[in-house]
Amino acid sequence: MKVKSLQINVLALLFGFAAICFVSKADANNVIYSPEGQQFSDQNGDNQDQKNPKRGSATIKWNAHGPTDRSGKTTSVVCNSSDINIVYVGAAHNGVWKSTDGGRMDWKKVPVEGNKNLYVTCVALDETSNVLYAGTGGDFLGQGIYKAEGTGSLKLMPGTEGWADVYKIAVSGNKVYAATSAGLMCYTGGKWEVCTGKDKDGKKVEITAPVKDMSINKAGLVIIALKNGVPFVEKECYISKTGAIDGFEYKQLSTDLWKAHNISVTTSPADNNVLYVVAANDADGKIFKAFLSENQGEKWEVILELSSGIDPLEGNGKNINNIYADPTDPYTLYIASRNIWKGKRYASGPYDFGLSSISTFERPAIDEFYLHSNVRSISFYESYGNVLRQAYVATDGGIYRVDMMITPAAHLTRTYPAHNFLTIGSYNHISANNKGWLLLGTPNLGTQAIDTTTNHPFSARPIWDSQPAAKQEISEGMGGACAISLINEHFYIYSQSFIYRS
């Protein structure tokens with residue numbers, strides 16, 4: 000392309016942007032709407048300057064423009080144990096969604112009191128009372144914990160206002176536990192209380208340090224892991240064997256755990272005595288150590304460590320480190336980070352994690368082993384003998400329903416990704432031309448295009464890579480600045496680590 004042509008295209012984009020700004024300014028008035036549709040009164044002009052509007056005007060009507068076939072960062076998933084077709088997911092930037100057909104096509108957003116948009120970090124379902132809980136925070140400042148009864152709207156739970164991050168929610172009997180940036184909280188008797196226990200010296204302490212992870216077994220035992228980086232706080236675990244909110248006791252796993260970062264915990268659904276802890280290495284995010292306890296945390300043994308040469312965290316453990324015990328086999332453990340790894344005990348001693356993960360994001364999306372990168376959450380449904388596990392998997396590229404082969408070898412068959420699931424949420428950059436075509440630089444799905452080459456206006460496609468030999472399309476990672484020419488609609492510019500043009 001000649002430099003002169005490029006200059007003309009850039010000037011056309013600038014003039015188009017100036018025209019849009021002029022129209023928005025001309026229509027400005029004192030009635031203001033947020034992106035969530037909330038109305039703000041501006042009688043005193045505090046929120047709007049006629050020379051420099053801070054919000055869109057009331058004349059702008061927002062309509063969803065997709066894409067419905069591409070989903071963004073999905074932080075959590077939980078399915079109904081008696082009906083695999085009922086599943087709830089939390090989106091990092093776009094609230095809670097529910098499907099009643101197993102995630103195939105029927106997704107509806109769970110309404111929120113006040114029509115707020117929630118930044119969801121975790122969801123939990125109390126099937127006994129049919130109550131849904133959603134924690135918030137993550138990429139944006141938290142909005143507390145929201146609760147929906149039956150088919151009702153999500154409503155803010157009093158006492159959780161101002162909680163910056165809610166990392167995990169779990170229900171046990173008449174108690175609701177929340178691992179938060181403000182510590183370990185328990186909702187009981189109609190109010191939230193801070194949990195207490197004994198530190199390593201036997202001194203009574205309130206657990207007000209950030210709690211990164213938590214798990215509760217069927218007998219009510221609660222294990223928590225404190226968040227890394229808190230000064231003067233041991234980076235290890237507390238356990239309450241009965242679930243009593245004042246019964247937490249410090250547990251030392253090893254004397255060198257100060258070298259670890261981002262500790263995760265889980266309990267076994269199949270054996271109330273079995274607990275797991277996995278710690279990432281503080282230096283490089285690789286596996287530091289994985290621990291097993293067969294007596295409710297009284298004694299721990301190492302089942303995997305960095306010296307083994309096997310790294311299920313794939314150097315991503317400081318970012319994502321999630322673990323899950325198999326629903327029926329207490330000695331099968333899943334470690335999720337970039338991909339999913341399966342470890343199993345065939346004899347006493349270290350676990351066998353094989354040589355590779357049971358899923359991968361480095362193959363084409365049509366491959367049965369493919370899952371989008373960064374596995375945030377797994378919810379198991381049921382097992383068929385000792386052969387198959389069905390599960391929902393939440394990733395940075397949306398929700399997937401998968402079958403996990405257990406024997407004779409580790410294997411994953413991706414059933415399908417979810418469609419009509421609008422959680423792409425936020426964008427690093429958006430560009431449009433005068434035909435309504437869009438380029439979307441996304442946080443987790445590369446650069447996507449909505450134009451006449453797709454199946455319908457609400458469908459997006461990844462932009463082709465300049466070197467498709469290793470991977471045919473860019474659908475992972477951060478999409479950057481992008482633009483469509485107003486003169487030639489087929490001229491695209493997009494950027495990631497380099498600048499490309501089509």
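The opening residue of the sequence shown carries number 0 in the working numbering; numbering runs sequentially from there.
Yeah, the Cβ is synthetic: ideal placement off N, Cα and C, and Gly gets one too.
Out of 299, 191, 68, 124, the CA that lies nearest to the CA of residue 157 is found in 191.
Uninterrupted beta strand (DSSP E) stretches at least 3 residues long and entirely within the segment 349-407 occur at 374-383, 387-394, 397-404, given in chain order. When only Cα atoms are considered, residue 335 and residue 402 end up about 15 Å apart. Within its own chain, the residues whose Cβ lies closer than 8 Å to the Cβ of residue 273, once the five positions on either side in sequence are excluded, are 266, 267, 291, 292, 293, 324, 329, 330, listed in chain order.
In the DSSP annotation of this structure, the continuous segment of the beta strand (DSSP E) that includes residue 287 starts and ends at 286-292. As DSSP reads the structure, residue 213 sits in a beta bridge with 223.
Between residue 223 and residue 213, the beta carbon gap of about 5 Å places them in contact (Cβ cut-off 8 Å). When DSSP states are grouped into helix, strand and coil, residue 191 belongs to the strand group.
Spanning the alpha carbons of residue 486 and residue 477 requires a straight line of approximately 27 Å.
A check of alpha carbon separations from residue 327 across 357, 300, 63, 388 identifies 388 as the nearest. For residue 310, the closest alpha carbon among the candidates 355, 435, 110, 186 is that of 355. Residue pairing by DSSP puts residue 275 in a beta bridge opposite 265, 291. Residue 447 is bridged by DSSP to 439, 461. Residue 489 counts as exposed, since fewer than 16 other beta carbons sit within 10 angstroms of its beta carbon. DSSP places residue 109 in no beta strand (DSSP E); its state is neither H nor E.
Judged by beta-carbon spacing, residue 362 lies within the 8 Å limit of residue 369, meaning their Cβ atoms are closer than that value. Within the same chain, Cβ atoms closer than 6 Å to the Cβ of residue 304 are found at 288, the five residues on either side in sequence being excluded.
Annotation: residue 286 to residue 392 spans about 22 Å, alpha carbon to alpha carbon.
Assignment of beta-bridge partners to residue 428 by DSSP yields 440. Per the DSSP secondary-structure output, residue 304 pairs in a beta bridge with 288. In the three-state reduction of the DSSP assignment, residue 317 falls in the coil class.
Pairing residue 394 with residue 372 gives a Cβ-Cβ distance under 8 Å. A residue is called buried when at least 16 other Cβ atoms come within 10 angstroms of its Cβ; residue 379 meets this threshold and is buried. By the Cβ neighbour-count rule, residue 342 is buried, with 16 or more other Cβ atoms within 10 Å of its own. If you compare the alpha carbons of 73, 299, 151 with that of residue 256, the shortest gap goes to 299.
Going by DSSP, residue 297 is part of no beta strand (DSSP E) at all; its letter is neither H nor E. For residue 82, the enclosing beta strand (DSSP E) covers residues 82-90.
About 6 Å separates the Cβ atoms of residue 137 and residue 91, confirming a contact at the 8 Å cut-off. The residue from 358, 347, 238, 345 with its alpha-carbon nearest to that of residue 313 is 358. Just measuring C-alpha positions, the residue of 135, 438, 281, 97 sitting nearest residue 106 is 97. Spatial neighbours of residue 315 in its own chain (CB-CB distance under 8 Å, excluding positions within 5 residues in sequence) are listed in chain order as 284, 336, 337, 373. Membership of residue 147 in the beta strand (DSSP E) is indicated by the continuous run 144-148. For residue 340, the enclosing beta strand (DSSP E) stretches over residues 339-343. Taking 8 Å as the cut-off, the Cβ atoms of residue 296 and residue 250 count as close. No Cβ-Cβ contact shorter than 8 Å links residue 119 with residue 102.
C-alpha of residue 436 to C-alpha of residue 481: approximately 12 Å in a straight line.
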